[in-house]
Each structure stands twice: as C-alpha cells, then as structure tokens.
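Letter 116 of the sequence shown, counting from 1, is numbered 116 in this note's numbering, and no numbers are missing.
Even for Gly, the Cβ is constructed at its ideal location relative to N, Cα and C.
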Amino acid sequence: MENTTIISGKEIDFNLHPGAVIHANKYAEASGGWGSLPVQSTLNTEVVVRLTNGEDIRLYIRHLDLPVYNGQEVSLLAANGSVVALVDLKTRRYYYTTHNFQKKLGMDLPAIWVWIIGIALGAVIYLINNNGATWVIAPLLVWIPVLVNRWMFNSKMRKQITSYLGAG
Numbered sequence: 001m002e003n004t005t006i007i008s009g010k011e012i013d014f015n016l017h018p019g020a021v022i023h024a025n026k027y028a029e030a031s032g033g034w035g036s037l038p039v040q041s042t043l044n045t046e047v048v049v050r051l052t053n054g055e056d057i058r059l060y061i062r063h064l065d066l067p068v069y070n071g072q073e074v075s076l077l078a079a080n081g082s083v084v085a086l087v088d089l090k091t092r093r094y095y096y097t098t099h100n101f102q103k104k105l106g107m108d109l110p111a112i113w114v115w116i117i118g119i120a121l122g123a124v125i126y127l128i129n130n131n132g133a134t135w136v137i138a139p140l141l142v143w144i145p146v147l148v149n150r151w152m153f154n155s156k157m158r159k160q161i162t163s164y165l166g167a168g
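Below, the structure is given as structure tokens:
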C-alpha cells in the first residue's frame, strides 16, 4: 500500500512493509554524573524486523519505550524511506519511532544554525541599542518560529499517519 501526500510543501511517500520482530532489546543509557551533576537515564529500544521479502531492518529508537517482543507480527510505516511508525498487526495499534518527524525525514534546521543566527541577531541588537538587555533574549526568540514550525509539521504528520493507517 503506497500513498503520497504533501506536508508543508514537501512531498512525502508512505509505504507499509509487513514483517515480524526477530529481535527486541530495551536498554537504558546513562548520561551526566560528571562533577555534581545528576545521572540521567534514558530508555531506548533496539528492534530488528524481518520483512516478508526476507530483508532485515534494524531500528534504533531513542527516548521511546515501544511495546515490542520477539515474534510479534508488525508492519513498518516508512515515510520517504525512513521508518516513522511500527504497526502491531494483532492489536491494530501503531507506535511512532520518533518525537521529531522533521529530523527523521532530514528536513529539520540544524540547531547550530539556529544558535548562530540568534547570536548574530543579538550582536546586531546590542550594537544598535547597547543600553538595554534585549539582545540577551534574541537567541531564544529565534527558536520560537523553529519550534512552532516543528510542532505544526509533527501535528500534520500525525494526522496524515492516522488517516493513512485508518484507511488501510
């Protein structure tokens, strides 16, 4: 089953690939702990799905705990070649493999560029009006349109995935 749609001016192709989970591993990744910083633990999921054509697809899903197990019959929902959702065929429930669809599809603006633009804007504001502290919030203000755009794109993607899987 294939479907093409346009979201935020980008053409996105959806494909379903049926298969079975042959390996499911959940593990915690610790970070922090340096100096007096607290240790943070993040749960990740590693899944290997064998498609009906015999191809094995390995997924590293960060920051998400997906209810997957060995032998589970699933379908992978791919958008432009990237797996964005896992569909449990027994329960007909689907689970996203990411929180940020733009990044997963390679359409996200890199964070370093947002900070560079924000700092440059802050420097310009400081040079124009050096008696106020408004230049300090310029880097943060640059993030607002980026976050709104990301939220809108993710919302549209979720709606499209829901309508695509509901029709199938």
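For this session: Assign N129 to one of three DSSP states: helix, strand, or coil.
Result: Note: N129 maps to coil in three-state DSSP.
Problem set entry | Under the three-state DSSP convention, the category N154 falls into | Helix.
Exercise. Ordered along the chain, which non-local residues of its own chain (more than five positions away) have a Cβ less than 6 Å from that of A24?
Worked result: So the list reads V47, V68, Y69 and N70, once near-sequence residues are dropped.
Exercise. Quick check: the stretch 103-112 against the stretch 123-138, are there 3 or more CB pairs under 8 Å?
Worked result: Using a C-beta cut-off of 8 Å, the stretch 103-112 makes no contact with the stretch 123-138, since fewer than three inter-stretch Cβ pairs fall below that distance.
Exercise. Could you give the C-beta distance for I161 and L77, rounded to a whole number, given that I count them as a contact under 8 Å?
Worked result: Confirmed, about 7 Å.
Exercise. What's the C-alpha gap between I7 and R50?
Worked result: Here the alpha carbon of I7 sits roughly 30 Å from the alpha carbon of R50.
Exercise. DSSP state of V169, grouped into three classes?
Worked result: Given that the chain is displayed from residue 1 to residue 168, the structure contains no residue 169 and the question cannot be resolved.
Exercise. Given Y94, which residues of its chain have a CB within under 6 Å of its CB, disregarding the five upstream and five downstream residues?
Worked result: Its chain contains A85, V87 and L165 as the residues whose beta carbon lies nearer than 6 Å to that of Y94, once the 5 sequence neighbours on both sides are disregarded; these appear in chain order.
For this session: Indicate the three-state DSSP secondary structure (helix, strand or coil) for K159 in the structure shown.
Result: Under the three-state reduction of DSSP, K159 is assigned to helix.
Exercise. Cβ of I61 within 8 Å of Cβ of N44?
Worked result: Their beta carbons are under 8 Å apart, which means I61 touches N44 by this criterion.
Exercise. Assuming N100 and N149 make a contact with CB atoms under 8 Å, what is their CB distance in whole Å?
Worked result: For a cut-off of 8 Å, the C-beta gap from N100 to N149 is around 12 Å, too long to register as a contact.
Exercise. According to DSSP, is N53 helix, strand or coil?
Worked result: Here DSSP, grouped into helix, strand and coil, assigns N53 to coil.
Exercise. Alpha carbon to alpha carbon, what distance is there between T4 and S82?
Worked result: S82 and T4: Cα-Cα distance of roughly 14 Å.
For this session: Keeping to the same chain, check which residues put their C-beta closer than 6 Å to that of G122; ignore five residues upstream and five downstream.
Result: Excluding positions up to five away in sequence, the list reads W135, A138 and P139.
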